[in-house]
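Asks: Just so you know, we're using the UniProt record's numbering here: the sequence shown kicks off at 1 and counts up by one.
Ideal placement from N, C-alpha and C gives every residue a C-beta, glycine not left out.
One structure follows; several queries about it will come next.
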Amino acid sequence: MKKIYLIFILISSLNTFSQKEISSLKTYTFSEVEKTFVQKPKPIIIFTHTDWCKICHGMQKTTFKNDEIIQLLNENFYFVKLNGEEKNNIHFLGKTFKYKPTGANTGIHELANELASVKGIISYPTTTILNTKFEISAQLIGFYNSKKLKKILEKYLKK
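This is how it looks when you write it as structure tokens:
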């Protein structure tokens, strides 16, 4: 009898956990944004990061996993992740942006430099908001938790 009761509890708990809807953040490439933007213009959020940046990883694991942030971004923005040290060319807005080496094993992508640098200095992570005219509306430098980012994005949408 105890075995049957234990099996029943195990199965019912699995059923409860499987009921939760898992939402995921829709990420786009720059070429996908250009194609989709024509049909439905929305502001663009570009999250510029690097592979070695612990703060970038922290933001990806917390802020961009938050259900409220996911819903807000999916409904109102196009979200693009850009590795600041991407070595592949990126075609965006009729231009080709390339990786520019700065040393033996270092360099920066031209598009990251365009979108994430402030006064000629780039910091990781930088979250850039492009308006529907592809102009930089805001550059958020550093770590933003979900509460702070939500507040900024909601304020931006009310403009």
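Quick check: E110 and K119, are their CB atoms within less than 7 Å of each other?
Replies: No, the Cβ-Cβ distance between E110 and K119 is not below 7 Å.
Asks: Do you know whose CA, among L153, T106, K158, lies nearest L73's CA?
Replies: Among L153, T106, K158, the Cα nearest to that of L73 is on L153.
Asks: Do you know offhand how far I122's Cα is from T106's?
Replies: So the alpha carbons of these two residues sit roughly 14 Å apart.
Asks: Straight-line CA distance for Q71 to S23?
Replies: Their Cα atoms are separated by approximately 8 Å.
Asks: My assumption, with CB atoms under 8 Å, is that P125 sits in contact with F47. Please give the rounded CB distance.
Replies: Rounded, the Cβ-Cβ distance is 6 Å, consistent with contact.
Asks: Name the one or two DSSP bridge partners that H109 has.
Replies: Paired residues: Y99.
Asks: Classify T127: buried if its beta carbon has 16 or more other beta carbons within 10 angstroms, exposed otherwise.
Replies: It is buried - the Cβ of T127 has at least 16 other Cβ atoms within 10 Å.
Asks: Give a yes or no on contact between the stretch 129-149 and the stretch 56-71, applying the rule of three or more CB pairs nearer than 8 Å.
Replies: Because the criterion of three Cβ pairs below 8 Å is met, the stretch 129-149 and the stretch 56-71 touch.
Asks: Following the continuous alpha helix (DSSP H) through Y156, name the residue where it begins and the one where it ends.
Replies: Run containing Y156: 146-158, per the alpha helix (DSSP H) assignment.
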